[in-house]
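Step one of this worksheet: look at the structure below.
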Amino acid sequence: MPYLSSEETVKELKRALSNPNIQSDRLRYRNYILRVIRSMTQGLDVSPLFMDMVKASATVDIVQKKLVYLYMCTYASLKPDLALLAINTLRKDCADPNPMVRGLALRNMCNFRMPGMTEYIHQPILTGLKDKASYVRRVAVLGCAKMQSLQPNAEIDATIVNELYGLLRDPDPVVMVNCLRALEEILKHEGGVVINKPIAHHLLNRLKELDSWAQGEVLTFLLRYKPRGEDELFDILSLLDGLLHSSHATVMAATLRLFLQLAAAHPAVQADALEQARGPLLATCGSQSRELRFAGLCHVQQVLRSQPAQLGVHYKRFFCGYSEPAYIKFRKMEILVELVNDENVGLVLEELRGYCTDVSPELAQAAIAAIGRIGRTYSEKCLDILTGLLGLKQEHITSAVVQTFRDLVWLCPQSTAAVCQAVEGCEESLQDSEGKQALLWLLGMHGGQITNAPYVLESHIDGLKTEMSSVVKLELLTAAVRLFLLRPAETQDMLGRLLHYCIEEESDMNVHDRALFCYRLLECGLEETRRVFQGPKSDPCMGVLTGCPTEPVNSWASKFNTLGLLGGNDVVPASSDTAASDQRGHSSQGDALAEAVDEQLSIPEEGQQSPGLSLGALLSHEAFERHWLELCVTHREALGFQGPPSASETLQAALQLVKIQTLAFSRESTKPWKAYLYTHGSGTLILAELLQDESEAGNNSTSLVVSLKQLPENKMAIQEFVSVLRTVLHTLTKDRSC
Amino acid sequence: MIHSLFLINSAADIFLEKHWKSVISRSVCDYFFEAQEKAGEPNNVPPVIRTPHHYLINIYRDKIFFVSVIQTEVPPLFVIEFLHRVAETLQDYFGECSESVIKDNVVIVYELLEEMLDNGFPLATESNILKELIKPPTILRSMVNTITGSSNVGETLPTGQLSTVPWRRAGVKYTNNEAYFDVIEEIDAIIDKSGATVCAEIQGVIDACVKLTGMPDLTLTFMNPRLLDDVSFHPCVRFKRWESERVLSFIPPDGNFRLMSYHVSAQNLVAIPIYVKQNISFFESGSSGRLDITVGPKQTMGKPVEGLVVSIHMPKVVLSVNLTATQGTQKYDTTTKVLVWDIGKLNQQKLPNLKGSLSLQSGSPKPEENPSLDIDLKIQQLAISGVKVSRLDMHGEKYKPFKGVKYITKAGKFQVRT
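Top to bottom, those sequences are chains Z and S. Using this note's numbering, the first residue of the first sequence is number 228, and each one after it goes up by one. Using this note's numbering, the first residue of the second sequence is number 774, and each one after it goes up by one.
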């Protein structure tokens, strides 16, 4: 076919459509109409043919009718005056003996989106609602909603609303669901359709007849219903039980959401529902469609917030395939980090190491960050891997590794030595400002342990003129001053040059002012500078031990199976802590003072010669940690109990009663299980670690071992502490066995 | 619920749009194009995109993006699953779901979309019911249609929706009564460098094609039902009987449907049908590398492995390959950097081998990452998990149906790392 411009095509079609010869030949006529539709779908404006198309609608041929209706719906709003001509034909069709024609006409009439339509469609819709064919009733019910949306400001027609509530009892399940949908739209401003007890029970009883889409929707509507009592609640839940295993992810997720919300006051029921739905949920994560897999993963992440330990054995399902899209890989890595436990840590790390060399730099960096997150608990293994990655000398990998190192050092001070050793020699392959900042922070904070720190710093100072990022310059100033405090002889000269350059030549006001500030501070004397610049070297909370506490299911249940969960625009690799750590260097400077005050407060308490144990002053996490690292174990003893005696919270409460403070404890089902305790007694401070470790050699392998450290030493106090601890554990164990 | 649907090809052309409520301008897709550009590869476009006034939920299938526009809060799984259903329906109707086919059959596509959704709500999505409303095009029918001028539209309304069994229409009649079941299993596995299984699981489905007169009540029994984890069923299956007796008892829908899907994840149960000995190495100097791959059978239960294809995503620096295969054909696409080795049937006597050299871009460093191998294969007459149907009984009708079960094993996401 020769290419015709749009105008010519329209002209040609118009000629053909009005040709009586063609009109009499049904087949040719339809083919021309088909061509009109084709042109329309290609974006051609064929609205000038409206008159001819209206004529074509008067036919017995259903396909032709459908085509013409399709055309009319598209152009009716452009040509409202001509569309009125078509309405007569449509209204006649609404009374056709064939229910299909009736339904078709009614549906299309409602789809004409033009003002003034209401008066013409009102009557046909009312008739349609009482039609004997369910097909027509379905259309008519939704037509009510369309009519309402044509005149959004008009008052709600109470007769129609009543009619629709009545049709909820329609024998056809689709009509019933359509009624819900229509009512929801019509009553939008009044809070949507009301689900009272009879309606709720009616819906529940008919759930089985519905198709999966309708089931999903009805389950969502049912979220509005609040059962009166426990009996009713459990009746409802047992009706829904089977749907948790539905083959449609939609229905499964909707059911689970309803379960979680209805049973908000019954955590055991919630846990059971999650348990039942775990299989289907995991199956969704392995589904053929990558979009479904993604949605499944997002939901698993939510479940993990409350049940971190239960999914641990399934970690292999979250290994990334080579050809999977990036957004899935990001989610899988986030989940893997959550699932790590003693048994699988080796394999998970091995797997993550593989991702670090991924072609996509973002993925590689996310994988490195993930290893860093695992490193907070299993620092040694992760440090080995990360150090190995530095050997690759790849720019983006090195940068990510150094950033991870910084975060790791901040959270786990015990890894400092290894990091300081590893970080030497990696400065050459650092190009981006994020990586440079991290390296400078490490140099400033731990320059004492990095032998070539002054040289690295010097090379940065020499290259200052070519440095573009002002953030890096600010970090460089801080690092230089800090290093000066640690190694003054080697750094003094370059600090001078740096300050001179920044004060005299720098155009960025921020950098200039910071340099001036440093200079004036140094003038005030070293002590003052030290107090301002040298904050604590690690995070005050022992993130390692507590991990993230498990959240109650109710905190996320309301968001389950909603769009918000899949988080709109893009999947950001977990980099939120990087941003936070940028702030640390500066914000923590003030903390030094507060900490000093803390210590002074606690000393007099310790000095008291009180008999027995006392709660004494609260020990901050970092003070505990400092003592723990300084002291050596004075006493170790197997207590002979099998595992943690009961829920950690109970243990904590019980210990509190006998004046033993619990500082931190691991999650219940993790292995090894640990708890850190302390107390003041007979003038000493006792620190204790409870450890239950199955991997430990010995016959009594699952027994609980207590290790004690003390300041100052006092054998009596230790004996006393151990006996009290035994009594508590004994009581709790007895409680459980009853 | 679903406001509008746009079909977009990988070249970012909108080739079909359908609005169920008011017309939304095409410009809403600009947000999608933006995301598409940012993602680079079409695979990487995130499924949910937030725009100031709408949500765009999309799926990517057969090189087409199905982009739906959402205005109110909806369960995301619902929309994703529905879009897949649309794609499946098109596939079912036209045999494939590609841009050209959709353009050729644009009118039927519109008719289908009109019936599947009304005012944005799913209406009729069962292919049984749709096919009665709109008959799928066949060569014979389109010829008859051209001659007689009859149409693709069913003249009568589907009756099934009012029967007591909603998924089955009443008054079904066949002269040949037959029931076929296909047990299809896909192996998803990752094999590491040394040949050890990193992870493996089997996704299985049982698809049925049942053409039986009247209201038959079928019972399907397995030899070893305990193998199956995570089963999910077509709504017709009586779940209580499965729980108590481990048999599938159901009144089947008419025609093709998926009876159940299951999952075998216990690692020791997943047999890996083939092994791959591979050696891909890049030299420090000389911008070249070597490749040597041999494929052999491992646990095939004596059945031949067919349709074996190995595809390798090479690093970007690999310019060309010089390889010889002892069996099958190999092709290296220099733009996508994918090497495809189509082996065909695995010869047990003389194992297929692919060997030769790779030439890299001169001056570029040796690639960090070794490519991984994606394997595709097919084994007829075998369900690799060992699932077997022992018998099929029919009650409720008098005639004797013709019964058949077919097993087939395929590779799903089967990947070998190097």
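Cβ atoms here follow ideal geometry from the backbone N, Cα and C, with glycine treated the same way. As the structure is a prediction and not an experimental result, all values here were calculated from the model.
Listed by chain order, chain Z residues near residue i by CB distance under 7 Å
{"i": "glutamate 846 of chain S", "result": "Thr789 and Leu790"}
{"i": "lysine 1186 of chain S", "result": "Gly548"}
Contact under 8 Å by Cβ, residue i with residue j
{"i": "leucine 1084 of chain S", "j": "serine 1135 of chain S", "result": "With the sequence shown as reference, residue 1084 of chain S is identified as serine, and leucine is not the correct amino acid for it. Not a contact, by the Cβ cut-off of 8 Å."}
{"i": "methionine 479 of chain Z", "j": "leucine 485 of chain Z", "result": "no"}
{"i": "asparagine 782 of chain S", "j": "glutamate 869 of chain S", "result": "no"}
{"i": "arginine 714 of chain Z", "j": "proline 681 of chain Z", "result": "yes"}
{"i": "isoleucine 260 of chain Z", "j": "valine 237 of chain Z", "result": "no"}
{"i": "threonine 477 of chain Z", "j": "leucine 850 of chain S", "result": "yes"}
{"i": "valine 636 of chain Z", "j": "leucine 669 of chain Z", "result": "yes"}
{"i": "leucine 991 of chain S", "j": "alanine 952 of chain S", "result": "yes"}
{"i": "valine 629 of chain Z", "j": "glycine 662 of chain Z", "result": "yes"}
{"i": "valine 368 of chain Z", "j": "alanine 409 of chain Z", "result": "yes"}
Cβ neighbour criterion (16 or more within 10 Å) applied to residue i
{"i": "leucine 856 of chain Z", "result": "exposed"}
{"i": "valine 287 of chain Z", "result": "exposed"}
{"i": "glycine 813 of chain S", "result": "exposed"}
{"i": "serine 817 of chain S", "result": "Note that residue 817 of chain S is asparagine in the sequence shown, not serine. When all chains shown are included, asparagine 817 of chain S counts as buried."}
{"i": "serine 245 of chain Z", "result": "exposed"}
{"i": "leucine 789 of chain S", "result": "buried"}
{"i": "serine 798 of chain S", "result": "exposed"}
{"i": "methionine 987 of chain Z", "result": "Residue 987 of chain Z lies beyond the stretch modelled for chain Z, which goes from 228 to 965, so this question has no answer here."}
{"i": "proline 342 of chain Z", "result": "exposed"}
{"i": "alanine 821 of chain Z", "result": "Residue placement at alanine 821 of chain Z is flagged as unreliable, the pLDDT there being 38, under the threshold of 50; a coordinate-derived value is accordingly withheld."}
Chain-ordered neighbours of residue i on chain S, where CB pairs are closer than 7 Å
{"i": "valine 586 of chain Z", "result": "Glu1142"}
{"i": "glutamate 518 of chain Z", "result": "Pro820, Ile832 and Ile853"}
{"i": "leucine 294 of chain Z", "result": "Val880"}
{"i": "serine 473 of chain Z", "result": "Ser1005"}
{"i": "alanine 476 of chain Z", "result": "Leu850 and Glu854"}
{"i": "glycine 573 of chain Z", "result": "What glycine 573 of chain Z touches in chain S: nothing, since even the nearest Cβ is about 13 Å away."}
{"i": "glycine 443 of chain Z", "result": "Pro848 and Phe851"}
Own chain, CB closer than 7 Å to residue i, minus 5 neighbours either side, in chain order
{"i": "glutamate 622 of chain Z", "result": "Ser656 and Gln658"}
{"i": "leucine 576 of chain Z", "result": "Ile598, Ile601, Lys608, Cys609 and Ile612"}
{"i": "aspartate 1115 of chain S", "result": "Val1082, Gly1101 and Thr1102"}
{"i": "isoleucine 562 of chain Z", "result": "Leu524, Val527, Gln528, Leu531 and Phe545"}
{"i": "valine 852 of chain S", "result": "Ile775, Ile830, Ser841 and Ile843"}
{"i": "proline 909 of chain S", "result": "Tyr866"}
{"i": "cysteine 175 of chain Z", "result": "In this structure chain Z extends from 228 to 965, so residue 175 of chain Z is not present and cannot be described."}
Contacts of residue i in chain Z (Cβ-Cβ under 8 Å)
{"i": "threonine 1182 of chain S", "result": "In chain order: nothing, as chain Z lies at least about 16 Å away."}
{"i": "asparagine 817 of chain S", "result": "Pro552, Ala553 and Tyr554"}
Under 8 Å from the C-beta of residue i: neighbouring residues of chain S
{"i": "valine 366 of chain Z", "result": "Asp891"}
{"i": "glycine 469 of chain Z", "result": "Phe1012"}
{"i": "glycine 513 of chain Z", "result": "Asp961, Glu974, Gln976 and His1036"}
Cutoff 6 Å; reference residue i; Cβ partners in own chain excluding five residues on either side
{"i": "arginine 329 of chain Z", "result": "Cys321, Asp323 and Val363"}
{"i": "leucine 437 of chain Z", "result": "Pro400"}
{"i": "aspartate 865 of chain S", "result": "Ser900"}
{"i": "isoleucine 887 of chain Z", "result": "Leu904 and Thr906"}
{"i": "arginine 334 of chain Z", "result": "Val366"}
{"i": "phenylalanine 779 of chain S", "result": "Ile787, Glu790, Cys802 and Val840"}
Residues near residue i in its chain [Cβ-Cβ closer than 8 Å; skip 5 each side]
{"i": "glutamate 778 of chain Z", "result": "Arg532 and Ser533"}
{"i": "alanine 806 of chain Z", "result": "Confidence is the limiting factor: at alanine 806 of chain Z the pLDDT is only 36, short of 50, which leaves the residue's position unreliable and the question unanswerable from this model."}
{"i": "serine 361 of chain Z", "result": "Asp397, Pro398, Asp399, Val401 and Val402"}
{"i": "threonine 958 of chain Z", "result": "Ala881"}
Cβ distance (whole Å) where residue i is taken to contact residue j below 8 Å
{"i": "leucine 790 of chain Z", "j": "glutamate 846 of chain S", "result": "6 Å"}
{"i": "glycine 513 of chain Z", "j": "glutamine 976 of chain S", "result": "7 Å"}
{"i": "methionine 374 of chain Z", "j": "threonine 345 of chain Z", "result": "6 Å"}
{"i": "leucine 1112 of chain S", "j": "valine 1094 of chain S", "result": "6 Å"}
{"i": "phenylalanine 1023 of chain S", "j": "arginine 1031 of chain S", "result": "Contact flag wrong, Cβ pair sits at about 12 Å."}
{"i": "isoleucine 1152 of chain S", "j": "glycine 548 of chain Z", "result": "Not quite, the Cβ-Cβ distance comes to about 21 Å (not below 8 Å), so this is no contact."}
{"i": "glutamate 1170 of chain S", "j": "glycine 987 of chain S", "result": "5 Å"}
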